[in-house]
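Everything on this sheet refers to the single structure shown next.
2 protein chains.
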Amino acid sequence: MDQFKQGMRQLAGAVTVVTAGKHDDIAGLTATAVCSLTADPPRLLACLNMNGVTFELLRRHGRFCVNVIGEDDLRVAEAFAGMGHVPPTGKFGVGEWEMAEDRAPRLRSALVAFECKVHSVTMLSTHGLAIGDVTAVHVAPHCGPLLYHDGQFAGLAGLLPA
Amino acid sequence: MDQFKQGMRQLAGAVTVVTAGKHDDIAGLTATAVCSLTADPPRLLACLNMNGVTFELLRRHGRFCVNVIGEDDLRVAEAFAGMGHVPPTGKFGVGEWEMAEDRAPRLRSALVAFECKVHSVTMLSTHGLAIGDVTAVHVAPHCGPLLYHDGQFAGLAGLLPA
């Protein structure tokens, strides 16, 4: 249904990079299909294409990290979306990432990063719906959020008085 | 986990009004926890507090509508969030709504409205995760999208060149 895709272009979304894996077996992708589920317990969900490496690592290791991207990390969002310049060291060479033995990579400059343990994964046609129990939150707002709308990256603006 | 709530304030979201019910047994609420799931088949998901009337009607009638709100419908978003002025005729007196015998109310001025048939509902603690099969899409972009970030409504802005 082409009208569905056309309609979804009008649903603006915060840009995140979802990472999975650990040590040197890691992957990530730019995603907007992420949302809060419950605060008690702290839980969120992410919809990921099930054919990607990120989804495979998420399932294998049972952990992922949702990195919410700020305006000043546009190049990170582009790299993990397969656009823009990627250095020879790979996508994780763009931006400053904290790597750990037992956790998915975390972008140090994320507005907020949610470290998650997989609660459940539901497969629905082309996508996996991953629900994550949030185990750690790193909040560091320092610029406006990066958004995606109508096929373009954008920023946030105040509303004009009506 | 207060840090979770604080972190979620940094995850900007498109503002939608999710409606359910039919005829004169209708309800709706302002929500940002909506995202695309798969394009084939066209499917989306919405996370709703399970104690609300909207969720009750969604389950009872098996249908709902996701209305994506534009900047110029701020007052609609406010009314369905329990803020601002609500006329004696109720929330649906704010904005122009198409009512039908067998479908959930649709906001005529929505940037896009997705009519959905409930595919499944999963209860998770305080919230219900509703997955909807999209049965009709009404696309009518005419202004920028309304967003919610850090406790405030906002609009979209172009990015400044880096």
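Line order of the protein sequences matches chains A and B.
Everything in the first sequence is counted per our numbering, starting at -3 for the first residue and increasing by one.
Everything in the second sequence is counted per our numbering, starting at -3 for the first residue and increasing by one.
For every residue, glycine included, the Cβ atom is placed at its ideal position computed from N, Cα and C.
TODO: Using only alpha-carbon positions, find the residue among B:Met119, B:Asp146, B:Val90 and B:Ala10 that is nearest to methionine 46 of chain B.
DONE: Ranking B:Met119, B:Asp146, B:Val90 and B:Ala10 by CA distance to the CA of methionine 46 of chain B puts B:Met119 first.
Task: Nearest candidate by alpha-carbon position, reference glycine 124 of chain B, set B:Arg71, B:Val133 and B:Val114 - done: B:Val114
- [ ] Let me know the secondary structure DSSP gives glutamine 2 of chain B once reduced to three states.
- [x] The answer is helix: DSSP assigns glutamine 2 of chain B an H, G or I state.
Open item on the list: Going by beta-carbon coordinates alone, are threonine 122 of chain B and threonine 34 of chain A separated by less than 7 angstroms?
Closed with: A contact, by the Cβ cut-off of 7 angstroms.
Open item on the list: Against chain A, does valine 14 of chain B count as a neighbour if the rule is that its beta carbon must be under 7 angstroms from one of theirs?
Closed with: no
Task: 7 angstroms Cβ cut-off: residues of chain B touching methionine 4 of chain A - done: Ser32
- [ ] Note the first and the last residue of the continuous beta strand (DSSP E) segment covering valine 135 of chain B.
- [x] 123 to 135
Task: Touching by the beta-carbon criterion (3+ pairs, under 8 angstroms), the region -3 to 9 of chain A and the region 135 to 155 of chain B - done: yes
Task: Exposure of alanine 100 of chain B, with buried meaning 16 or more beta-carbon neighbours within 10 Å - done: Under this definition alanine 100 of chain B is a buried residue.
Open item on the list: Suppose contacts are defined by Cβ-Cβ distances below 7 angstroms. Is glycine 17 of chain B in contact with leucine 53 of chain B by that definition?
Closed with: Cβ distance < 7 angstroms, so glycine 17 of chain B and leucine 53 of chain B count as in contact.
Open item on the list: Buried or exposed, going by whether 16 or more other CB atoms sit within 10 Å of the CB of leucine 44 of chain A?
Closed with: buried
Open item on the list: With a threshold of 7 angstroms on Cβ separation, who are the neighbours of cysteine 31 of chain A within its own chain once the five nearest residues in sequence on each side are excluded?
Closed with: Leu40 and Leu41
TODO: From the DSSP output, in three-state form, read off histidine 57 of chain A for me.
DONE: helix
TODO: Look at valine 13 of chain A and asparagine 63 of chain A and say whether their C-beta atoms are less than 7 angstroms apart.
DONE: yes
TODO: Determine, using beta carbons only, whether histidine 81 of chain A comes closer than 7 angstroms to chain B.
DONE: no
Open item on the list: Give me the residue from A:Val11, A:Ala27 and A:Thr26 with the minimum Cα distance to leucine 107 of chain A.
Closed with: A:Val11
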